[in-house]
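There are 2 protein chains.
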Amino acid sequence: MRLLNSISPFTGEVQFEPVAESSVADVDTAVARSLTAGKAWSRLEFKERARALRAIADAVDDDSASLAELAHQETALGIDRLVGEIARTTFQLRLFAEELESGRLLATDIDEALAGLPPVGHPRLVRRYVALGPVAVFGAGNFPFAFGQLGGDTVSALAAGCTVVVKDHPGHPQLAMTLSALARTALTSAGFDADVLQNVRGMGAGTALVAHPSVQAGAFTGSQKAGRALFDIATSRPNPIPFYGELGSMNPVFITQAALASRGEELSTELATSLTMGRGQLCTKPSVIFVPDDQAFIDGLVQALSGVSPGQLLSPTSLERYVQGVAGVASVSGVTEVIPTAAKPDLSVAPGLLTTTLENFVERSQELLEECFGPVGLVVLCGSDADFDAGMSLLEGALVATIHAVPETDSDLARHLVEELSNIAGRVVVNGWPTGLAVTPWQHHGGPYPASTSVLHTSVGSQAMMRFVRPVVIQNVSDEQWPGLL
Amino acid sequence: MRLLNSISPFTGEVQFEPVAESSVADVDTAVARSLTAGKAWSRLEFKERARALRAIADAVDDDSASLAELAHQETALGIDRLVGEIARTTFQLRLFAEELESGRLLATDIDEALAGLPPVGHPRLVRRYVALGPVAVFGAGNFPFAFGQLGGDTVSALAAGCTVVVKDHPGHPQLAMTLSALARTALTSAGFDADVLQNVRGMGAGTALVAHPSVQAGAFTGSQKAGRALFDIATSRPNPIPFYGELGSMNPVFITQAALASRGEELSTELATSLTMGRGQLCTKPSVIFVPDDQAFIDGLVQALSGVSPGQLLSPTSLERYVQGVAGVASVSGVTEVIPTAAKPDLSVAPGLLTTTLENFVERSQELLEECFGPVGLVVLCGSDADFDAGMSLLEGALVATIHAVPETDSDLARHLVEELSNIAGRVVVNGWPTGLAVTPWQHHGGPYPASTSVLHTSVGSQAMMRFVRPVVIQNVSDEQWPGLL
Numbered sequence: 012m013r014l015l016n017s018i019s020p021f022t023g024e025v026q027f028e029p030v031a032e033s034s035v036a037d038v039d040t041a042v043a044r045s046l047t048a049g050k051a052w053s054r055l056e057f058k059e060r061a062r063a064l065r066a067i068a069d070a071v072d073d074d075s076a077s078l079a080e081l082a083h084q085e086t087a088l089g090i091d092r093l094v095g096e097i098a099r100t101t102f103q104l105r106l107f108a109e110e111l112e113s114g115r116l117l118a119t120d121i122d123e124a125l126a127g128l129p130p131v132g133h134p135r136l137v138r139r140y141v142a143l144g145p146v147a148v149f150g151a152g153n154f155p156f157a158f159g160q161l162g163g164d165t166v167s168a169l170a171a172g173c174t175v176v177v178k179d180h181p182g183h184p185q186l187a188m189t190l191s192a193l194a195r196t197a198l199t200s201a202g203f204d205a206d207v208l209q210n211v212r213g214m215g216a217g218t219a220l221v222a223h224p225s226v227q228a229g230a231f232t233g234s235q236k237a238g239r240a241l242f243d244i245a246t247s248r249p250n251p252i253p254f255y256g257e258l259g260s261m262n263p264v265f266i267t268q269a270a271l272a273s274r275g276e277e278l279s280t281e282l283a284t285s286l287t288m289g290r291g292q293l294c295t296k297p298s299v300i301f302v303p304d305d306q307a308f309i310d311g312l313v314q315a316l317s318g319v320s321p322g323q324l325l326s327p328t329s330l331e332r333y334v335q336g337v338a339g340v341a342s343v344s345g346v347t348e349v350i351p352t353a354a355k356p357d358l359s360v361a362p363g364l365l366t367t368t369l370e371n372f373v374e375r376s377q378e379l380l381e382e383c384f385g386p387v388g389l390v391v392l393c394g395s396d397a398d399f400d401a402g403m404s405l406l407e408g409a410l411v412a413t414i415h416a417v418p419e420t421d422s423d424l425a426r427h428l429v430e431e432l433s434n435i436a437g438r439v440v441v442n443g444w445p446t447g448l449a450v451t452p453w454q455h456h457g458g459p460y461p462a463s464t465s466v467l468h469t470s471v472g473s474q475a476m477m478r479f480v481r482p483v484v485i486q487n488v489s490d491e492q493w494p495g496l497l
Numbered sequence: 012m013r014l015l016n017s018i019s020p021f022t023g024e025v026q027f028e029p030v031a032e033s034s035v036a037d038v039d040t041a042v043a044r045s046l047t048a049g050k051a052w053s054r055l056e057f058k059e060r061a062r063a064l065r066a067i068a069d070a071v072d073d074d075s076a077s078l079a080e081l082a083h084q085e086t087a088l089g090i091d092r093l094v095g096e097i098a099r100t101t102f103q104l105r106l107f108a109e110e111l112e113s114g115r116l117l118a119t120d121i122d123e124a125l126a127g128l129p130p131v132g133h134p135r136l137v138r139r140y141v142a143l144g145p146v147a148v149f150g151a152g153n154f155p156f157a158f159g160q161l162g163g164d165t166v167s168a169l170a171a172g173c174t175v176v177v178k179d180h181p182g183h184p185q186l187a188m189t190l191s192a193l194a195r196t197a198l199t200s201a202g203f204d205a206d207v208l209q210n211v212r213g214m215g216a217g218t219a220l221v222a223h224p225s226v227q228a229g230a231f232t233g234s235q236k237a238g239r240a241l242f243d244i245a246t247s248r249p250n251p252i253p254f255y256g257e258l259g260s261m262n263p264v265f266i267t268q269a270a271l272a273s274r275g276e277e278l279s280t281e282l283a284t285s286l287t288m289g290r291g292q293l294c295t296k297p298s299v300i301f302v303p304d305d306q307a308f309i310d311g312l313v314q315a316l317s318g319v320s321p322g323q324l325l326s327p328t329s330l331e332r333y334v335q336g337v338a339g340v341a342s343v344s345g346v347t348e349v350i351p352t353a354a355k356p357d358l359s360v361a362p363g364l365l366t367t368t369l370e371n372f373v374e375r376s377q378e379l380l381e382e383c384f385g386p387v388g389l390v391v392l393c394g395s396d397a398d399f400d401a402g403m404s405l406l407e408g409a410l411v412a413t414i415h416a417v418p419e420t421d422s423d424l425a426r427h428l429v430e431e432l433s434n435i436a437g438r439v440v441v442n443g444w445p446t447g448l449a450v451t452p453w454q455h456h457g458g459p460y461p462a463s464t465s466v467l468h469t470s471v472g473s474q475a476m477m478r479f480v481r482p483v484v485i486q487n488v489s490d491e492q493w494p495g496l497l
C-alpha cells in the first residue's frame, strides 16, 4: 500500500497523517458505485439537482474559515485569497443551480413534422440531452477550491447529470479529503445519494480511472505533461472518451505606444499586480508582455514588483521547478534578468522580471516561451507597434491574450490585434487584465492547444456543463400520441 | 507516381483513365493555399458565404442528370436513388445558406458588465465564434453526394468559415474530380476564391493531410478501421485536433408483441424496404432486429425480401467483404441462414436474412454484432418483450435505434425502451424506420463510439456547423468605447 503525504509549503516537512493511495480495485468499486448512483441522478428533475448543488454550496460556505485555514497550510495561498476563492466556488455552484432551475441550457429543441417528401418533408424530431455517465475529474493545485474537488469541472459535470469521481490533488490531500467528505455529507443530509461524488487518490488510480471502460469523460486542469499523458490514455482507449484538459498557457500582452504614453505608470503598477496575483501561479497570468522599449515603464514595473512581498509557492517541488524554469529562460542568450529570482531559506520567493528585445524573441521564441509557474514575467521590448505582428506569429495557443490601447488613436490597430489574437486565444481582454476570470453564463476559458485539449469547449462559465451531455433525437413521437413518453 | 483507378462495380474492370495520387508535396501546397484562401473566407459576411453555397448548389442541380449517370457507373447505386441524393445534397447546401442568412447559429452572446466585486461583478464579455481553419474531409463511398465531396462535412465546414481539403473517395475517383471541379468553377464564377475547396487523392495524401500542422480538424465517414486510424493520427499529433469520425453502427430494432399483433404484415414489408434501401449500404440500416418469435413475421419478411431485385454493391471489394462478413456471422453456432447470401456472376447479390434466438444472441453477441455492409439483417427471436433488456445490454454505441410499439398497450415499455436506447444511440425512432435520415435544423446523427468518435457532435443537420468553430470571448469592449471593433 502506497502512502500519500501532505508536505508543508512552509517547511518542506510532512504534515498530518499520511493517507493510503487507492488501488485499482478501489477505482473499480468507485466507478461501479458511480454507475449505480448515476441511474437516479441522471434522471432527477433539474430543480432537484439544483437543490443538491445548493446544499453543497451552503455546507462549504458554513465551513469557509476552517477550510481556508486548512488550504493555506497545504498551499500557502493566503487566507484572504482562499476565502475569496471559496466565495467564487460557492457562487459557481449556485450559478449552475440557477442554470438548472431556468432550464435554459439543457432545453429540448423540436423540428415539428413537415408534410411532403424528403428532403423537404420529415417526421417530428425532438432533440434533448442525456448525461454522458461517470466523469473523472483531476483538479488543479493552484485553485484548491474553484478548480478543485468541488470546482468547475465537478460542478458542471454534476449539473449535467453525470456522476463524478475526483482524483485528489497530491498537493492538498487533507483538504481534498475534507472537501469530499463535506460534500458527501451535505448530499446525504439533503436526501441524495452521496456516491454521485466520490474520490480516489494516487497517480496509478488516476490513470486507471481514465482508462476505466465505464468512465465516459475526463476533465483536467494542470501541467502539460500530466494532462497530455491522460489525454493520450483517454483517446487511445478501445472506446475513446472526450478529455477536457487545460494544460497551461503563455498568455501574451500587447501594450501600444499610445497606451504607454497615456497611462504608462498605471500600466506598470497594474501589470505587477496581475503578474503576482496568487504568487503568479495562475493559468491566466500575463506571461509574455510586448511593450515599446521604454525605460520609465521598466523602472515603474521594477518598483511595483519590488513592493510585492515574497511568499511560498504551492509546494517545495513547485518552488524548485519554478526557480529552475526561470533560470532556464534567464540563461537564454539576449535575456536580461532585471530582477533575479532566487528561493529564500524559508522557501519563499520574491517576484522576478526578465526582458529581451523583439529581435531576440523572434530568433529564440521556442526557448523563451517556457511557462514558469510563479511570479515572473518576460517583457519583450519592441521598437514600435508594428513589431507586434512578428511576435504574435510565434505564439502558441493561449487561454487569454491582452491588449492595452487607446480608442482615439488605436482603433485600426486594436481591431487588427483582436482579430489576430482571436486565432490564438480563447479570450481577448482589452484595457483590462487577464487574471480575475469572471464566472458568468457566457464566459469562455479554453483555447487552441496547449491551452486546451478540446478547443471547442470551455471549462469556466455555464457552457462548461455542455461538455458532459450529448444530444439524442427522438423521432416521430408527439405528446398527443405518446402522452408522458418524452 | 502512384495511380488511382476507377473500377466498375458491374464488371470489376478498370474504367476511365487512371488519375495520379497526390504526393506529400501536393498536400503541403493544398494546405498552404487553403490557409491563404481562409484569410478572406473566414471573415466574409455570412450572407456572402451563403451566396457561395447557393452557387455550388445551383451548379450541382444544373448537372444533376449527368452527375447521377457518372455516379451510377462508379457506385451502381441506381439513377433514381442518385438523383434523389443529389436533391438532398443541394437541399443541404441551401439549408446551411439559410442558417448563415438567419445568423442564428453563429450568433454573438453577451454578458453585459455587472457592477460590484467578483465573483458577482464582472466586465462586459462578448462571446463570438471563429472558424477553426483548414478542415480535412473524408467522404463516404455509399453516399457519393450527400456525404461526399460536397456533402454535409464539406458544406458545414465551409459554412462555418473554414476552408476544406477533401481526400477523394477511391470508390468514385471520376465523380470526386468532377464534383470538385464543378464546385470550384461555380465558386470562381460567383467571385469567390476557388481554393476554399480543394481535393487530394490517395491514402498517403489522406494521412499526410490529417497530420499536417496547419489542418485544424478532420471529418470522416467510413469504415471503423480507416476512421480509427485517422482518429489516432489526429489525436496523437503534437497539437491534437478534433476528429469527427462516423465509423459504422449496428442499429437495433425492437418490435413489441403488441406491435407485431396489430401490424405484423406491414412491419415485415417495411423492414424489408428499410433493410435493402441503397442495397443495405446505409449506416442507418436496421442491422439487428429483436422481435417476438413468430413464424408469420419471418415468412412475411422472407417474401418481401425475395421480391427485392439483386444488385451490385459499391465495388467488387465491397461485395467480397460483404459476402465474407455474412458468411462469418452465418457460421456462428445457433444462426440460421434463412435466405443464404451468395454473389452472382454479374457481381450482384440478392438480399439475405439470418436469424438466431435471444439466448444465442446473449451468449455470442460479440461474434454476431459484426456490421455487414449490404442487404442483410440479423433477426433475434425473443420469447417476450421482457427479453429486450438482455439484448439491449449487449449492444455497442449506435447511430440510431428503432422501436415499434402500440401507444395503448406499450406506453410503459416504450418509455423504458426510449430511455435505455438513448444511452446507446444518437437517435431513437418510434414507429418509423431508421433509414431516410432527415436533414433539419435539429437533427442529430452521431452516437457513442463506434457510431461516432466525437460523441457530442452531429454530422447531419444545422448543428454540424458548430463542429468547425470555437468560441472566443472579447472582454471589456463596448460599441460606444470602441466603435467598429466588434
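Chains as they are written, first to last, in the working numbering: chain S, 12 to 497; chain L, 12 to 497. The beta carbon of each residue, even a glycine, is placed where N, CA and C say it ideally should be. Just so it is clear, the structure is predicted and the values come from calculations on it, not from any experiment.
Proximity winner among the options, relative to residue i (alpha-carbon distances)
i, options, result
"P461 of chain S", "L:V176, L:A124, L:I252", "L:I252"
"T446 of chain S", "S:G159, S:T295, S:V471", "S:T295"
"E419 of chain S", "S:D73, S:A269, S:A31, S:E32", "S:A269"
"A194 of chain L", "L:V466, L:R65, L:H455", "L:R65"
"G23 of chain L", "L:S329, L:V429, L:L428", "L:S329"
"G458 of chain S", "S:E378, S:A409, S:A192, S:N250", "S:A409"
"S225 of chain L", "L:H415, L:A151, L:G144, L:G150", "L:G144"
"R139 of chain L", "L:Q486, L:D74, L:W493", "L:Q486"
"Q84 of chain S", "S:S342, S:G394, S:S463, S:P327", "S:P327"
"Q185 of chain S", "S:R135, S:S77, S:F102, S:S247", "S:S77"
"Q292 of chain S", "S:P362, S:Q454, S:Q209", "S:P362"
"E123 of chain S", "S:L496, S:V484, S:P494, S:N262", "S:V484"
"L286 of chain L", "L:A315, L:D304, L:A354, L:I266", "L:A315"
"G385 of chain S", "S:E331, S:Q235, S:R290", "S:R290"
Burial state of residue i, where buried means 16 or more other Cβ atoms lie within 10 Å
i, result
"E93 of chain S", "Here the sequence assigns Leu to residue 93 of chain S, which means Glu is not the residue at that position. Per the 10 Å Cβ criterion, buried."
"T86 of chain L", "buried"
"T451 of chain L", "buried"
"Q335 of chain S", "exposed"
"V480 of chain L", "buried"
In DSSP terms, what residue i is bridged to
i, result
"Y333 of chain L", "Looking at the DSSP assignment, Y333 of chain L forms no beta bridge with any residue, so it has no partner."
"A389 of chain S", "Note on identity: in this sequence residue 389 of chain S is Leu, with Ala being the wrong assignment. S:V299, S:L365, per the DSSP bridge assignment."
"P263 of chain S", "S:V299"
"T413 of chain S", "S:V264, S:V440"
"T40 of chain S", "Answer is none; T40 of chain S lacks a bridge partner."
"A31 of chain L", "L:L14"
"S359 of chain L", "L:Q323"
"K50 of chain L", "Paired residues: none, contrary to the question."
Residues of its chain near residue i, where Cβ-Cβ distance is below 8 Å and the 5 sequence neighbours each way are ignored
i, result
"D357 of chain S", "F21, Q323"
7 Å Cβ shell around residue i - same chain, five flanking residues per side excluded
i, result
"D310 of chain L", "none"
"L116 of chain L", "E110, S473, M476, M477"
"C383 of chain S", "Y333, G336, V337, V340"
6 Å Cβ shell around residue i - same chain, five flanking residues per side excluded
i, result
"M403 of chain L", "E431"
"S376 of chain L", "L405"
"A108 of chain S", "A61, L64, R65"
"S463 of chain L", "E257, G457"
Can you list, in chain order, the residues of the region 426 to 447 of chain L whose Cβ is nearer than 9 Å to any Cβ on chain S?
R426, V429, E430, L432, S433, N434, A436, G437, R438, V439, V440, V441, N442, G443, P445, G447
Could you list the residues in the region 451 to 464 of chain S with a C-beta less than 7 Å from some C-beta on chain L, going in chain order?
T451, P452, W453, Q454, H455, Y460, T464
Under 9 Å (Cβ pairs) to chain L, residues found in the region 101 to 115 of chain S:
T101, F102, Q103, L106
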